[in-house]
Amino acid sequence: MAKTLKVPHTLVLLLGMMVIALISTWIVPQGFFDTATTDSDRQIVLAGTYKIASETVFLTPWDLLKAIPRAFAAAQDVIFFVLIVGGVLSIARATGTVDALIGRLLEKHGDKPEKLIFMVVFCFALASSAIGTAGEYIPFVLILVALCKAMRLDAMVAVGMIVAGYGIGYGVSAFNPFTVIVAQKIAEVPVYSGLWLRLAIFVPFVLIGFHHVWSYMNKVQHNPELSMMKDVPCPLAGQAQPSYPQLNKRHQLVLLTFIITLVVAVWGIANHGWYLNQLGGLFVAWGIVISIIGKLSADDAAHRFIEGVSDLVTTAILIGVARGIALVLEDGQILHTIVNGLSTPLSYVAAEVSAVGMLLIQTLLNMFIPSGSGQAYVTMPLMVPVGDLVGVPRQVAVLAYQFGDGFSNMIIPTNAVLMGILGMAGVPYTHWFRFCLPLMAKLMLAAGTVLVLAVMFGYGLDVQPSI
1 MAKTLKVPHT LVLLLGMMVI ALISTWIVPQ GFFDTATTDS DRQIVLAGTY
51 KIASETVFLT PWDLLKAIPR AFAAAQDVIF FVLIVGGVLS IARATGTVDA
101 LIGRLLEKHG DKPEKLIFMV VFCFALASSA IGTAGEYIPF VLILVALCKA
151 MRLDAMVAVG MIVAGYGIGY GVSAFNPFTV IVAQKIAEVP VYSGLWLRLA
201 IFVPFVLIGF HHVWSYMNKV QHNPELSMMK DVPCPLAGQA QPSYPQLNKR
251 HQLVLLTFII TLVVAVWGIA NHGWYLNQLG GLFVAWGIVI SIIGKLSADD
301 AAHRFIEGVS DLVTTAILIG VARGIALVLE DGQILHTIVN GLSTPLSYVA
351 AEVSAVGMLL IQTLLNMFIP SGSGQAYVTM PLMVPVGDLV GVPRQVAVLA
401 YQFGDGFSNM IIPTNAVLMG ILGMAGVPYT HWFRFCLPLM AKLMLAAGTV
451 LVLAVMFGYG LDVQPSI
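In structure tokens:
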């Protein structure tokens with residue numbers, strides 16, 4: 001009997017990539033590009049200056065093991081920020097505000113499926129774009145499945161609403177601290193710069209997701225035999241529709257304080273150069289405020305915070321280990337050799353085509369590194385210099401990373417959030433793959449078009465480092 005192919009744990013994959021990186025330092029020629037320091041102390045690669053290193057180094061397995069704690073130290077600011085945000089968001093969930101907001105949405109639009117689909121996709125995309133929510137959607141799976149069942153729809157519609165919003169929100173993220181901030185930091189462009197384009201494409205991409213789910217819903221509503229789930233029993237058969245809290249003034253006040261927090265964050269970044277330490281402190285302050293507004297005891301708020309931190313420990317570990325891959329490549333003096341190898345074929349095509357190539361590379365790598373922050377640490381140190389060499393602005397390279405990471409989150413089986421949502425809804429992965437693949441094709445085509453136009457019109461050149 002043939003054995004089922006088992007996908008290794010992401011940590012195993014990352015450690016395996018570190019081993020491959022170590023072995024590569026023994027095989028790949030070691031070399032460097034000349035670099036220059038900008039007025040703002042940024043390092044940029046000078047095109048056409050690659051040369052073989054005159055003195056080579058030999059890394060041992062012991063060097064690889066030492067690189068792991070070094071990698072955690074190198075990524076500590078991002079790791080701690082991720083943990084703080086996770087803990088504070090858990091406190092927000094404990095106030096009941098998130099549940100009440102979604103409940104109000106379902107109550108208002110539950111008998112109008114087309115409006116419901118748009119509002120859910122839009123709101124989930126907005127939340128993912130703003131603060132990187134993902135696993136927080138899992139509690140709403142059964143509510144949406146039950147609602148779809150009452151409207152003679154299947155669980156695929158419910159999952160489509162959630163995952164389309166989640167993936168598109170990450171892909172065109174405006175403020176997501178787990179992807180935008182990390183990638184822009186590595187690319188050495190101002191935090192939240194280029195915001196206007198990400199805001200401009202948000203609604204068009206949401207409409208692509210909405211149309212895909214709506215088209216399927218429309219077919220199933222008119223002919224249940226067209227349902228992809230007709231051979232799969234509903235997980236809520238015989239169950240009553242779950243309840244949810246009413247949106248009260250206290251919940252509205254929590255939402256108001258969240259908006260104020262975002263405004264203060266943008267102000268601090270734009271006017272005072274705030275970064276992860278200041279933003280982390282701001283989120284801690286918001287957590288304290290909403291604990292008081294939500295009437296949570298100090299102990300309850302502390303427990304909720306720890307729970308939220310615990311939920312993101314895996315992400316934090318993946319960020320640290322992923323950083324180790326680049327450290328091994330840097331220590332082994334082959335990082336620039338890889339950059340040269342990647343840039344050489346891309347240099348034979350226009351910069352617009354190179355940007356699309358970056359999108360494809362990021363999409364493929366997300367299969368092995370589903371952590372958005374972790375993927376940024378693995379890929380951006382390579383993509384940024386490649387962009388410098390072939391004429392792709394760093395801001396465009398960041399956008400290619402966002403598209404590749406976010407959209408592929410909707411379909412890769414190594415994404416724990418996706419598999420959790422599918423499991424709760426009772427949707428087999430094979431069925432979901434058939435539903436999602438056409439949506440992925442539409443989004444990738446749109447993303448490629450945006451990248452080509454971004455290069456053509458010089459998106460990001462205003463923040464491109466210069467000597």
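Going by my numbering, the residue at position 243 of the sequence shown is 243; the numbering climbs one at a time, nothing skipped.
Where is the CB? At the ideal position from N, CA and C, for every residue including glycine.
(1) Of the residues 286, 281, 232, 223, which one's Cα is nearest the Cα of residue 253?
(2) Determine the burial state of residue 387: buried for a count of at least 16 other Cβ atoms within 10 Å of its Cβ, exposed for fewer.
(3) Helix, strand or coil for residue 532 per DSSP?
(4) So, helix, strand or coil for residue 133, using DSSP?
(5) Can the beta-carbon of residue 22 be found closer than 8 angstroms to that of residue 59?
(6) What did DSSP end up calling residue 350 once you bin it into helix, strand or coil?
(7) Is it buried or exposed, residue 402, if we count other Cβ atoms within 10 angstroms and call 16 or more buried?
(8) Here's a check: name, in chain order, each residue in its chain whose Cβ is nearer than 7 angstroms to the Cβ of residue 459, leaving out the five neighbours to either side.
(9) Give every residue of the same chain whose Cβ lies closer than 7 angstroms to the Cβ of residue 451, excluding the five residues on either side of it in the sequence, and list them in chain order.
(10) With DSSP as the reference, identify every bridge partner of residue 31, one or two as the case may be.
(11) Nearest-angstrom Cα distance between residue 263 and residue 283?
(12) Spell out the partners DSSP gives residue 400 in its beta bridges.
(13) Leaving out the 5 sequence neighbours to the left and right, which residues in its chain are closer than 7 angstroms to residue 449 when beta-carbon positions are compared?
(14) For residue 463, name the three-state secondary structure that DSSP assigns.
(15) Which value, in whole angstroms, describes the spacing of the CA atoms of residue 204 and residue 280?
(16) Starting from residue 421, follow the alpha helix (DSSP H) in both directions and report where the run begins and ends.
(17) Could you name the residues of the same chain whose beta carbon sits closer than 8 angstroms to that of residue 352, not counting the 5 residues immediately before and after it, in chain order?
(18) Secondary structure at residue 483, three-state DSSP: helix, strand or coil?
(19) Mind listing, in chain order, the continuous alpha helix (DSSP H) runs of no fewer than 4 residues lying wholly within the segment 366 to 396?
(20) Using a threshold of 8 angstroms, state whether the C-beta atoms of residue 220 and residue 161 are closer than that.
(21) So is residue 437 buried or exposed if we call it buried at 16+ other beta carbons inside 10 Å?
(22) Which whole-angstrom value describes the C-beta separation of residue 422 and residue 409, a residue pair presumed to lie in contact below a C-beta threshold of 8 angstroms?
(23) Residue 152: buried (16+ other C-beta within 10 angstroms of its C-beta) or exposed?
(24) Going by Cα to Cα distance, which pick from 210, 367, 124 is closest to residue 138?
(25) Put residue 164 into one of helix, strand or coil per three-state DSSP.
(26) By alpha-carbon positions, which one of 75, 245, 163, 379 ends up nearest to residue 429?
(27) Return the residue from the list 122, 142, 267, 147 that minimises the CA-CA distance to residue 192.
(28) Using three-state DSSP, classify residue 452 as helix, strand or coil.
(29) Could you check which residue in 184, 292, 175, 313 has the C-alpha nearest to that of residue 129?
(30) Helix or strand or just coil, what does DSSP make of residue 204?
(31) Quick one: what does DSSP say residue 63 is sitting in, helix, strand or coil?
(32) Would you grab the beta carbon distance between residue 97 and residue 132 for me? Rounded to a whole angstrom, and I think it's under 8 angstroms.
(33) Can you tell me whether residue 315 is buried or exposed, with buried defined as 16 or more other CB within 10 angstroms of its CB?
(34) When burial is assigned at 16 or more other CB atoms within 10 Å of the CB, is residue 12 buried or exposed?
Taking the structure as given:
(1) One-based indexing of the sequence shown puts residue 253 at position 253. Nearest of 286, 281, 232, 223 to residue 253, Cα basis: 286.
(2) Here the question's residue 387 lines up with position 387 in the sequence shown. Buried is the call here.
(3) Coverage of the chain is limited to positions 1 through 467, which leaves residue 532 absent and any answer about it impossible.
(4) The count along the sequence shown starts at 1 and reaches residue 133 at position 133. Three-state result, residue 133: coil.
(5) Start at 1 with the first residue of the sequence shown, and residue 22 comes out as number 22. Start at 1 with the first residue of the sequence shown, and residue 59 comes out as number 59. Yes.
(6) Residue mapping note: residue 350 aligns to position 350 of the sequence shown, counting from 1. DSSP places residue 350 in coil when its eight states are reduced to three.
(7) The count along the sequence shown starts at 1 and reaches residue 402 at position 402. It is buried - the Cβ of residue 402 has at least 16 other Cβ atoms within 10 Å.
(8) Here residue 459 is taken as the residue at index 459 of the sequence shown, counted from 1. Around residue 459: 194, 197, 393, 395, 396.
(9) Residue 451 sits at position 451 when you count from the first residue of the sequence shown. Within the same chain, residue 451 has close Cβ partners 355, 356, 359, 396, 399, 400.
(10) For the purposes of this step, residue 31 is taken as residue 31 along the sequence shown, with counting starting at 1. Answer is 52.
(11) For the purposes of this step, residue 263 is taken as the residue at position 263 of the sequence shown. For the purposes of this step, residue 283 is taken as the residue at position 283 of the sequence shown. Residue 263 and residue 283: Cα-Cα distance of roughly 12 angstroms.
(12) Walking along the sequence shown from the start, residue 400 turns up at place 400. None; residue 400 has no bridge partner.
(13) Taking the first residue of the sequence shown as position 1, residue 449 is located at position 449. Excluding sequence neighbours, residue 449 sits near nothing in its chain.
(14) To locate residue 463, count along the sequence shown from 1; it is residue 463. Correct three-state label for residue 463: helix.
(15) Taking the first residue of the sequence shown as position 1, residue 204 is located at position 204. Taking the first residue of the sequence shown as position 1, residue 280 is located at position 280. Approximately 31 angstroms, taken between the alpha carbons.
(16) Numbered from 1 along the sequence shown, position 421 holds the residue referred to as residue 421. Segment 416 to 425, the alpha helix (DSSP H) holding residue 421.
(17) Taking the sequence shown and counting its residues from 1, one reaches residue 352 at position 352. Excluding residues within five positions, the ones whose Cβ falls inside 8 angstroms are 451, 452, 455, 456.
(18) This structure does not reach residue 483, given that the chain is present from 1 up to 467, and the question cannot be answered.
(19) 372 to 390
(20) Here residue 220 refers to the residue found at position 220 of the sequence shown. Here residue 161 refers to the residue found at position 161 of the sequence shown. Their beta carbons are not under 8 angstroms apart, which means residue 220 does not touch residue 161 by this criterion.
(21) Reading the sequence shown from its first residue, position 437 is the one you call residue 437. Classification of residue 437: exposed, given that the 10 Å Cβ count is below 16.
(22) As a working mapping, residue 422 is identified with position 422 in the sequence shown. As a working mapping, residue 409 is identified with position 409 in the sequence shown. Their Cβ separation, rounded to whole angstroms, is 13 angstroms, which puts residue 422 and residue 409 out of contact at 8 angstroms.
(23) Here residue 152 refers to the residue found at position 152 when the sequence shown is read from its first residue. That one is exposed.
(24) What you label residue 138 is simply residue 138 of the sequence shown in a count that begins at 1. When only C-alpha atoms are compared, the closest one is 124.
(25) Numbered from its first residue, the sequence shown carries residue 164 at position 164. DSSP places residue 164 in helix when its eight states are reduced to three.
(26) For this step, residue 429 is matched to residue 429 along the sequence shown. Considering only alpha carbons, the answer is 163.
(27) By 1-based counting over the sequence shown, the position of residue 192 is 192. Checked all of 122, 142, 267, 147; the closest Cα to residue 192 is 267.
(28) The residue you call residue 452 lines up with position 452 of the sequence shown. Residue 452 falls in the helix class under three-state DSSP.
(29) Position 129 of the sequence shown, counting from 1, holds the residue named residue 129. Considering only alpha carbons, the answer is 175.
(30) Stepping through the sequence shown from its first residue, residue 204 is reached at position 204. Looking at residue 204 - three-state DSSP - the assignment turns out to be helix.
(31) Sequence index remark: in the sequence shown, residue 63 carries index 63 (1-based). It is helical.
(32) Reading the sequence shown from its first residue, position 97 is the one you call residue 97. Reading the sequence shown from its first residue, position 132 is the one you call residue 132. Not confirmed; about 17 angstroms, so no contact.
(33) Along the sequence shown, one-based indexing puts residue 315 at 315. Flag for residue 315 reads buried.
(34) On the sequence shown, residue 12 is found 12 positions in, with the first residue counted as 1. Residue 12 is exposed by the Cβ-count criterion.
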